[in-house]
Ligand SMILES: [Mg+2]
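In the numbering used here, the protein residues as written are 1236 to 1616.
Laid out in structure tokens, this is it:
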């Protein structure tokens, strides 16, 4: 397969409401969509969002690097997905989000050519039979805002079938966050409830949080301390904590996971395609975590559209279970780029919601044109 044309759409899509995290407040999805055309007339789609605090890539650098990669794709054959990582690595060092965006579009094309859905291709790579069907993915909902709003949202979305939750912490005092966590755990008893500090807590605060009776009902605490801290701090937290510890910003690939497993500092990890550099390396990460009995949370960056949601879901359908849930972030967008966006059904996403070949969703070009960021035009290469 050869690539004959690429079009890049840098988008800015407003969120339904701003999402406050300890290090940033996200009001717009700053995301890039890539459309590749192959020599057989098919179209494939990829997406990656800017995540300066997670991958070091801004919208500007992401756009420049997707453009650089897309401009050089024509020189290669793209028949073997197992070679994609090496081929992209020959063009550009690091820059995992840009590579994930390109790999997604290439895999969309490859699986369309094979006449199978992307999720099935990934499942078969994991050793599942063609006939085996995946279970619905449990969607995770973020809770934030005022305490009254958190409680109202928790009730509303629980009624809609959601059973997985994430409470963003680290902006308030440890005591305030503990009270929020306890109240929400009492309200949502029996559900899978987590907190995520995006690395904002000091080690002593994180230990106090994880040893308090008020956090005892939590299913896990994600990235309480900064990924810049030494491994000994993570070990101290894991040893002292009375609830499971998840990592997110600390984990970008297999090598880091191996290091953290050897050190015994985690009970599970959040996987995002922009961190791992794409689906195939995320599949390797999930394999490693599962082999060691560690839990997986699958997540899109806040916020990405149905394109990234479909790709991340394809990985979810290839994994044997997501006890820590799937954070599908298009649910926070004011509008999506696909005519039929992926939506929760009873708090879950089913494989039947994706199309029968490839990625299984297709953006509407008119919506893409209307959603272009004011700073950059669409780029053809
Ligand atoms: Mg996180």
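Even for Gly, the Cβ is constructed at its ideal location relative to N, Cα and C. If you're wondering where the values come from, they're calculated on a predicted model, not measured in any experiment.
- The DSSP assignment places complete alpha helix (DSSP H) segments of no fewer than 4 residues inside the stretch 1439-1518 at 1466-1475, 1489-1498, 1508-1511, in order along the chain.
- In this structure, the CA atom of residue 1255 is about 42 Å from the CA atom of residue 1311.
- Distance from the Cα of residue 1550 is smallest, within the candidate group 1260, 1288, 1520, for 1520.
- When DSSP states are grouped into helix, strand and coil, residue 1552 belongs to the helix group.
- Counting C-beta pairs closer than 8 Å gives three or more between the stretch 1427-1436 and the stretch 1456-1469, which meets the contact rule.
- Judged by DSSP in its simplified three-state form, residue 1559 adopts coil rather than helix or strand.
- Note on geometry: alpha-carbon atoms of residue 1594 and residue 1455 lie some 31 Å from one another.
- Annotation: residue 1579 to residue 1354 spans about 18 Å, alpha carbon to alpha carbon.
- Between residue 1536 and residue 1509, the CB-CB gap stays under 7 Å.
- Distance between residue 1296 and residue 1611, taken at the CA atoms: about 12 Å.
- Annotation for residue 1236: 1273, 1313, 1314 place their beta carbon closer than 6 Å to its own, counting only its chain and skipping 5 residues before and after.
- For residue 1249, same chain residues with a beta-carbon under 6 Å away, outside a window of 5 residues either side, are 1263, 1569 in chain order.
- Going by beta carbons, residue 1603 and residue 1244 fall inside the 7 Å limit.
- Look at residue 1461: its beta carbon is at least 6 Å from all of the heavy atoms in ligand 1.
- Each of 1439, 1467, 1430 was checked against the Cα of residue 1453, and the nearest Cα belongs to 1430.
- By the C-beta density criterion, residue 1398 is buried, having at least 16 other C-beta atoms within 10 angstroms.
- Taking non-hydrogen atoms of ligand 1 into account, the C-beta of residue 1314 is found less than 6 Å away from none of them.
- Residue side-chain check: residue 1468 keeps its Cβ at 6 Å or more from all non-hydrogen atoms of ligand 1.
- Within the chosen limit of 6 Å, ligand 1 does not reach the beta carbon of residue 1574 with any heavy atom.
- Under DSSP, residue 1280 shares a beta bridge with 1270.
- For a cut-off of 8 Å, the C-beta gap from residue 1513 to residue 1381 is around 38 Å, too long to register as a contact.
- By the Cβ-count criterion, residue 1557 is buried, with 16 or more other Cβ atoms from all chains shown falling within 10 Å of its own Cβ.
- Taking C-beta separations shorter than 8 Å and ignoring five residues to either side along the sequence, the partners of residue 1553 in its chain run 1354, 1357, 1358, 1360, 1361, 1363, 1369, 1518, 1521, following chain order.
- By the Cβ criterion, the stretch 1492-1505 is not in contact with the stretch 1272-1290, since fewer than three pairs of Cβ atoms, one from each stretch, lie closer than 8 Å.
- According to the DSSP assignment, residue 1250 belongs to the beta strand (DSSP E) that extends over 1238-1255.
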